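Residue numbers (our numbering), protein chains in the order written: chain A, 26 to 368; chain B, 111 to 810. Every residue, glycine too, gets a C-beta built ideally from N, C-alpha and C. Just so it is clear, the structure is predicted and the values come from calculations on it, not from any experiment.
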Amino acid sequence: MSEPVIKCQSVYKIFGANAERMLKEANGNVDAKTFQDNGCIVGVNNASFEVSKGEMLVVMGLSGSGKSTLLRCISRLTDATGGKIFIEGQDLLNLNNKELIDLRRNKMGMVFQSFALLPHKTVLENIAFPLQIKGIKTEDSINKAMDMVKLVGLDGRENYFPRELSGGQQQRVGIARSLAVEPDIWFLDEPFSALDPLIRKEMQDEFLRLQEKLQKTIMFITHDFDEALKLADRIAIMKDGIIEQLDTPANIVLNPATEYVRKFTEEVPREKVLLIKDVMDETTSSDIGDLKVSKDEIIENVAEKILTQEKTVAVIDSKNNVVGSINPAKIINTVFGGRKSNN
Amino acid sequence: MSFFALCFAIDVPETYKFIRGQAEFVKDPNQSAFVFLGKEVRYYAFDVFWRLPPLLGWLPIWINDSLFFLMNDWMPMEFWNEDTQEYKTRPLVLQITRNLTAFMTFLIELIREILLGGLETIVAFTSWDWIDANPWAELPGLPWTIVATGSAILAYKLGGKGLAIYALLSMTYISIFGQWKPSMQTLSFILVAAPLSFIFGLSLGVAAYKSKRVEKALYPILLVMQTMPQYAVLVPALVLFGVGDHAAVIITMIVAVPPMILLTLLGLRAVPPEVIEAGRMSGCNNWQLMSKVLIPTARRDILIGVNQVIMVCFSMAVISAFIGAKGLGFNLLLALNQLNIGLALEAGLCISLIAILLDKMSLAWANKQVDYFGNLNFFQRNKNALSFGVVVIAGILLAYFGSIYFKEGYNYLFEVPHNKGISTADFWNKGVDWIFDTFFVYIKAFNTWLIVDVLQPMRALYLRMPAIATLVLVVGAGYLIGGVRSALVVCGLTLFIALSPWWDRALVTTYMATFGVLVSCTIGFTVGTLCFQNKHSTNFMLNVCDIFQTFPSFVYLIPVMMLFGITDTSVLIAVIVYATIPATRYTIEGLRSVPAGLHDAATMSGVTKFQRLFKIEFPLAFPHMMLGLNQTIVFALFMVIIGAFIGTEDLGQYILKALSDKKGAGIGLTLGICVAFIGLIFDNLIRTWVGQRKKHLGID
Numbered sequence: 026m027s028e029p030v031i032k033c034q035s036v037y038k039i040f041g042a043n044a045e046r047m048l049k050e051a052n053g054n055v056d057a058k059t060f061q062d063n064g065c066i067v068g069v070n071n072a073s074f075e076v077s078k079g080e081m082l083v084v085m086g087l088s089g090s091g092k093s094t095l096l097r098c099i100s101r102l103t104d105a106t107g108g109k110i111f112i113e114g115q116d117l118l119n120l121n122n123k124e125l126i127d128l129r130r131n132k133m134g135m136v137f138q139s140f141a142l143l144p145h146k147t148v149l150e151n152i153a154f155p156l157q158i159k160g161i162k163t164e165d166s167i168n169k170a171m172d173m174v175k176l177v178g179l180d181g182r183e184n185y186f187p188r189e190l191s192g193g194q195q196q197r198v199g200i201a202r203s204l205a206v207e208p209d210i211w212f213l214d215e216p217f218s219a220l221d222p223l224i225r226k227e228m229q230d231e232f233l234r235l236q237e238k239l240q241k242t243i244m245f246i247t248h249d250f251d252e253a254l255k256l257a258d259r260i261a262i263m264k265d266g267i268i269e270q271l272d273t274p275a276n277i278v279l280n281p282a283t284e285y286v287r288k289f290t291e292e293v294p295r296e297k298v299l300l301i302k303d304v305m306d307e308t309t310s311s312d313i314g315d316l317k318v319s320k321d322e323i324i325e326n327v328a329e330k331i332l333t334q335e336k337t338v339a340v341i342d343s344k345n346n347v348v349g350s351i352n353p354a355k356i357i358n359t360v361f362g363g364r365k366s367n368n
Numbered sequence: 111m112s113f114f115a116l117c118f119a120i121d122v123p124e125t126y127k128f129i130r131g132q133a134e135f136v137k138d139p140n141q142s143a144f145v146f147l148g149k150e151v152r153y154y155a156f157d158v159f160w161r162l163p164p165l166l167g168w169l170p171i172w173i174n175d176s177l178f179f180l181m182n183d184w185m186p187m188e189f190w191n192e193d194t195q196e197y198k199t200r201p202l203v204l205q206i207t208r209n210l211t212a213f214m215t216f217l218i219e220l221i222r223e224i225l226l227g228g229l230e231t232i233v234a235f236t237s238w239d240w241i242d243a244n245p246w247a248e249l250p251g252l253p254w255t256i257v258a259t260g261s262a263i264l265a266y267k268l269g270g271k272g273l274a275i276y277a278l279l280s281m282t283y284i285s286i287f288g289q290w291k292p293s294m295q296t297l298s299f300i301l302v303a304a305p306l307s308f309i310f311g312l313s314l315g316v317a318a319y320k321s322k323r324v325e326k327a328l329y330p331i332l333l334v335m336q337t338m339p340q341y342a343v344l345v346p347a348l349v350l351f352g353v354g355d356h357a358a359v360i361i362t363m364i365v366a367v368p369p370m371i372l373l374t375l376l377g378l379r380a381v382p383p384e385v386i387e388a389g390r391m392s393g394c395n396n397w398q399l400m401s402k403v404l405i406p407t408a409r410r411d412i413l414i415g416v417n418q419v420i421m422v423c424f425s426m427a428v429i430s431a432f433i434g435a436k437g438l439g440f441n442l443l444l445a446l447n448q449l450n451i452g453l454a455l456e457a458g459l460c461i462s463l464i465a466i467l468l469d470k471m472s473l474a475w476a477n478k479q480v481d482y483f484g485n486l487n488f489f490q491r492n493k494n495a496l497s498f499g500v501v502v503i504a505g506i507l508l509a510y511f512g513s514i515y516f517k518e519g520y521n522y523l524f525e526v527p528h529n530k531g532i533s534t535a536d537f538w539n540k541g542v543d544w545i546f547d548t549f550f551v552y553i554k555a556f557n558t559w560l561i562v563d564v565l566q567p568m569r570a571l572y573l574r575m576p577a578i579a580t581l582v583l584v585v586g587a588g589y590l591i592g593g594v595r596s597a598l599v600v601c602g603l604t605l606f607i608a609l610s611p612w613w614d615r616a617l618v619t620t621y622m623a624t625f626g627v628l629v630s631c632t633i634g635f636t637v638g639t640l641c642f643q644n645k646h647s648t649n650f651m652l653n654v655c656d657i658f659q660t661f662p663s664f665v666y667l668i669p670v671m672m673l674f675g676i677t678d679t680s681v682l683i684a685v686i687v688y689a690t691i692p693a694t695r696y697t698i699e700g701l702r703s704v705p706a707g708l709h710d711a712a713t714m715s716g717v718t719k720f721q722r723l724f725k726i727e728f729p730l731a732f733p734h735m736m737l738g739l740n741q742t743i744v745f746a747l748f749m750v751i752i753g754a755f756i757g758t759e760d761l762g763q764y765i766l767k768a769l770s771d772k773k774g775a776g777i778g779l780t781l782g783i784c785v786a787f788i789g790l791i792f793d794n795l796i797r798t799w800v801g802q803r804k805k806h807l808g809i810d
């Protein structure tokens, strides 16, 4: 794989008067309790991870877990107290003000929970805002913004003011604005949390559609575990500033690393999350039936078919090659087995 | 307990005269004296438990001397003089103030001559000789028809039909009743003072927002300026900038900038952090962030600040007539001085009309949502500018026809000269006489009763209290409410007044203010609560408060002088009327801020209207009502000080005296600080209490 787009090496963010000195003294062994006694609050504690090109990393955590702080360190809306952050190989924390502004103008886009639209500008002007800040001619920026309006499906409302739009529409404007400069890296800070459940689902689908088309490198913050499972390539679960586990949705559901993560996964309907390939046997047994299922199917969609078989079912890839097998017992075990409540 | 013990332990000394003469002016062998920093302070010594010696008596003298030193001796430098074509040695500060003065004068004259016509602006660019050679070169001034219709168009653009009609009617009224010239003088003064105050206030507000250090440096000044009577600032300005409109503009800026700073700061602070982050992520640099994101988002608060600035400007337009500002204010003061109530009423009415107009216009501007003009054609976009163009041409034509029609005498279509319009002064004067003739007996009886049975005992109570006892009382209150910190602040403020030579005067000021506040609060709380029972009356009352608040404070003196003549009663009634406004407003707002959910919950538990009022609404609204009390005190103090114009024996009288005194700057300023400190003592106590109470109730 090529160089990661975002790379964090033991990033710390500590709020408080002597945060830096305390961090140095702690020598890489930060304990939230001791820091709190000294008037410091630990926001992010030793976060290290990489995000590669076109990947969507979802950071999941409850409020106060430091997920938004982590995002703000990586977008440098706040300065990290310790550690290193690289954006496409550039050392983010060593950029001067001008370089930082350049980076934001060309490479980064961000969507906010409360939409954060400028109340005095129309939809079109809001979307054109980052372009105009960059110094692009009014006419060009308006044309480009108009394309964005179409992309998020707000045609006909481009001359409305934010106050005249519903929450979902406002967030579409926020998304369009963040995409206007065609950034490579896309930050989304709980973009759908302020929306009604139905609108939220609609926006998630819309978001997946966009991502399929655009293939951005994404960091997505949410407090909704289901949302994380639905969208993520990989999920990072945070608690008290520490990344508890960083893995694919399937692995998190199947092998929770800590007790905290397990609590989240307990209630998850696995058949809706896991794919066949997550649970199949890599070996192909000889006793195989006629039914073949794709390895990228969600279990729920094919469970009924598999369960009616008596024999093991072959698993194929997109080129129709058999890559593994799965037997009905395994499906039953996956869906119902291994849960505490089933003891 | 110790307080009462102190009160009774010390009797009034036999030699003590309530309201002492001013120590430093009278030389008397019975006086004691001390020398501090080379300044001799003379005073009558009493038992220190009774009255503290004026240990700060040197302060006004010292301020005076420093000012004179700055103006006349500090850093003399060579400056090029245009008129005499040679270098001249002048102290730096004097040169700076003179340049400022010239600049302000130019601005005022420019606007004044656009409205009224004149020579000064052209002279500023050329010379008197050039004017003599070219007698045609004179700004002609706009006919009143153009100004009136123009303001109506502006009003229409900002606030719609109603406001436009109001603008047209009031402007026409002003013209027909012959107040055009002074009104335009006042307007030109405001059109200079308000934008300048806005610019300074906005930039200082932005600076304070960006830097904690600037904010900390500004904070005490803002605090004192909030409670400082506007009178008091006049005196130092007189020394620095001399007499005239320019000094008035500068002084107005000093008074008007603090509220602008506060509101700018408030607005910028209220911008949601995510909007700022969105701006940053869009790649704004600091300047773009401020000008394209922060200020437009905080627009509403900033424009409310503009509204405040305009209101202060009107109030100052009258007060600064004391230092020679021309216009309605000057006419008003003159008329009051001559006891010509009718004339005063006319001038006061005009100034109130313009004040209400500008107030409504700026508020309409603040609440106006920006429209999108992208898909309008040229005529639709510029229809207001175009119609103004048409009005200008029509107005000039009218004025031209007028000049043919009114060949002899005055061209009424161009300008109705002062005192040539319709005047209602005689009518009002007769009215006043009639009121006096008819009701004199009753008014006098009421007056006597009030003074003898209420005011004098109250005044005696305040004055008989030994200084130490008052100090213990105030500091004790501070300790009980806000702990040691509050006690220390309050103690410092009180000590400053007690150690100044004007403790007795301050007591008189406080007694008048207290009386006013007590009555105002009783009225305000009652009226507010009653009006709150019905939605329509609530809105009606808030509107009434708005309009009353728009009147420049001096205007309140007119009707009370009409009814009660020149007595303390007049002042007190003006105080009560003026201070009732905030009391009523805050009561209504406080009651309104009680959450609707609680209302419903209370109703569902079956309370009666009275139970709801006393068990739920009052306790919750009380902190906000106390903030109203705070405002009431500030308003009352202002009016008491202004009341000195009618003749009261308090601090205000000395401020007024200092205005006509060559060495008055230090005295005026120190007196102003004393008044400000009286306000701040109550401010500190009330705010601390409200803060705790709100925290306790979990509001905010």
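Label residue i either buried or exposed according to how many other C-beta atoms from any shown protein chain fall within 10 Å of its C-beta, with 16 as the threshold for buried.
i: Lys-32/A; result: buried
i: Thr-259/B; result: buried
i: Lys-719/B; result: exposed
i: Thr-548/B; result: exposed
i: Arg-202/A; result: buried
i: Tyr-197/B; result: exposed
i: Tyr-764/B; result: buried
i: Asn-191/B; result: exposed
i: Thr-758/B; result: buried
For residue i, return the contacting residues in chain B, with the cut-off set at a CB-CB distance below 8 Å.
i: Ala-398/A; result: Residue 398/A lies beyond the range of chain A shown here (26 to 368); nothing can be said about it.
For residue i, go through chain A and note every residue whose CB falls closer than 7 Å to its CB, in chain order.
i: Arg-409/B; result: His-145
May I ask you to list the residues that DSSP assigns as paired with residue i?
i: Tyr-153/B; result: Ser-142/B
i: Thr-534/B; result: Bridge partners of Thr-534/B: none, in fact.
i: Val-83/A; result: Phe-245/A and Ile-260/A
Along chain A, which residues have their Cβ under 8 Å away from the Cβ of residue i?
i: Cys-601/B; result: Those do not exist, as Cys-601/B stays about 31 Å from chain A at its closest Cβ, beyond 8 Å.
i: Met-471/B; result: Within 8 Å Cβ-Cβ: nothing; Met-471/B doesn't reach chain A, min ~20 Å.
CB-CB under 6 Å to residue i, same chain, minus the five flanking residues each way: which ones, in chain order?
i: Phe-745/B; result: Tyr-688, Ala-689 and Pro-692
i: Tyr-266/B; result: Ala-274
i: Gly-167/B; result: Val-151 and Pro-611
i: Leu-96/B; result: This structure does not reach residue 96/B, given that chain B is present from 111 up to 810, and the question cannot be answered.
i: Leu-667/B; result: Ala-684
Under 9 Å Cβ-Cβ, which residues of chain B neighbour residue i?
i: Gln-138/A; result: Glu-384
i: Ser-100/A; result: Glu-387, Arg-390 and Met-391
i: Arg-129/A; result: Arg-390, Met-391, Ser-392, Gly-393 and Cys-394
Grab me the residues of residue i's own chain with a C-beta within less than 7 Å of its C-beta, minus the 5 sequence neighbours each way, in chain order.
i: Leu-226/B; result: Gly-251, Lys-291 and Met-294
Who are the near neighbours of residue i in its chain, counting only those whose CB is closer than 8 Å to its CB and skipping five residues on each side?
i: Asp-165/A; result: Leu-156
i: Gly-399/B; result: Note that residue 399/B corresponds to Leu in the displayed sequence, not to Gly. Result list for Leu-399/B: Ile-386, Gly-389 and Arg-390, in chain order.
Run through chain B and tell me which residues come within less than 7 Å of residue i, C-beta to C-beta.
i: Pro-216/A; result: Simply none; closest approach about 11 Å.
i: Pro-155/A; result: Ser-392 and Gly-393
i: Ile-126/A; result: Gly-393 and Asn-395
Can you pull the chain C neighbours of residue i, defined as C-beta to C-beta under 7 Å?
i: Met-133/A; result: Within the model displayed, chain C is absent; protein chains A and B are what it includes.
Problem set entry | Chain-ordered residues of the region 136-150 of chain B with a beta carbon less than 8 Å from chain A | The region 136-150 of chain B vs chain A, Cβ under 8 Å: nothing.
Exercise. Taking any Cβ of chain A, which residues in the region 393-419 of chain B have a Cβ under 8 Å from it, in chain order?
Worked result: Under the 8 Å Cβ criterion, the region 393-419 of chain B contributes Gly-393, Cys-394, Asn-395, Gln-398, Lys-402, Val-403, Pro-406, Thr-407 and Arg-409.
Exercise. Just by C-beta distance, which residues in the region 235-246 of chain A are closer than 7 Å to chain B?
Worked result: Within the region 235-246 of chain A, contact with chain B at the beta-carbon level (separation under 7 Å) is assigned to no residue.
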